[in-house]
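This report refers to the structure that appears directly beneath it.
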Amino acid sequence: MASRPIFHTLPYYPFYEEIDVDFVYYSGFSKIQKQKSLNSLQSNYIFKFKNRKIIDISTKSTSDLGVKLSAFNLKVKYKNNYFFVECLFQGSKTFKNGGPYRDLLSKNPKDAKRDKRLKESGELIHFNYFDMIFPLEPKDYFYNWLYINSLYRNPGLAKRILEYDSFSDIEFNPKRSVNCQARAVAIFVGLSKSKKLEEAMKSKESFFKVVYGEKHHNKVEQLNIFKM
């Protein structure tokens, strides 16, 4: 048995709740094994919450929409080019001894994530998204902004995902990483249902205030003052 989080959307702050669900884990990296684990996870969730609609957001999803919404497949236009969300995330990392490595933007998402420079350039200091600087705190701030902004700019996919209220990512292990595309989708749907999406998309500062709350915003401002 194993346990993974399901992200259920909420029409009010903080726009999602995280529910840990036990399921039968099928070892192996093949798509078939991943989908066996996924079916167990989602079945156990629906057993508890019968009226909810769940979809997995990953390349191993059993839903075509879920596969399209993976950060490895979702693209967003910047100026005259389209980039994968995963490549934008990796290509924005700025380290003490290097980066951001803009050549990652044109790579295959898997290759971009595995680029050895990301592990050999020292401490991560911030994210530089086309000269927009994002701090490391909150830890998922930049990823959530990037993913939600990208989904917002794909209205066809955005409209379809509003049919669901619960989201999993069978590839996500909370013990190994912080950022999660399923959580980002849950926040997006929550923002939409609460009529806060347009406000959050005005700027990265507005997104911070809406998604993370004024209390967190003031705390980060105080920390920045002490660092000066």
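Using UniProt numbering, the letters of the sequence shown correspond one by one to residues 1 to 228.
Glycine included, C-beta positions come from ideal geometry on N, C-alpha and C.
- Around the CB of Ser37, 16 or more other CB atoms lie within 10 Å, so the residue is classed as buried.
- For the pair Ile32 and Glu137, the Cα-to-Cα distance works out to about 37 Å.
- The residue among Leu69, Pro14, Lys53 with its C-alpha nearest the C-alpha of Lys60 is Leu69.
- Taking 7 Å as the cut-off, the Cβ atoms of Phe142 and Phe130 do not count as close.
- Scanning its chain for C-beta atoms nearer than 6 Å, with the 5 sequence neighbours on each side dropped, one finds around Lys193 the residues Pro11, in chain order.
- In the three-state reduction of the DSSP assignment, Lys68 falls in the helix class, which pools H, G and I.
- Of the candidates Phe29, Phe188, Ser27, Phe188 places its Cα closest to the Cα of Lys159.
- Unbroken beta strand (DSSP E) stretches of 3 residues or longer found wholly inside the segment 59-113: 75-78, 81-84, 93-95, given in chain order.
- Cβ contact annotation for Leu104 (same chain, cutoff 7 Å, sequence separation greater than five): Cys87, Gln90, Gly91, Ala112, Asp115, in chain order.
- Of the candidates Lys96, Ser27, Asp64, the residue whose Cα lies closest to the Cα of Met1 is Ser27.
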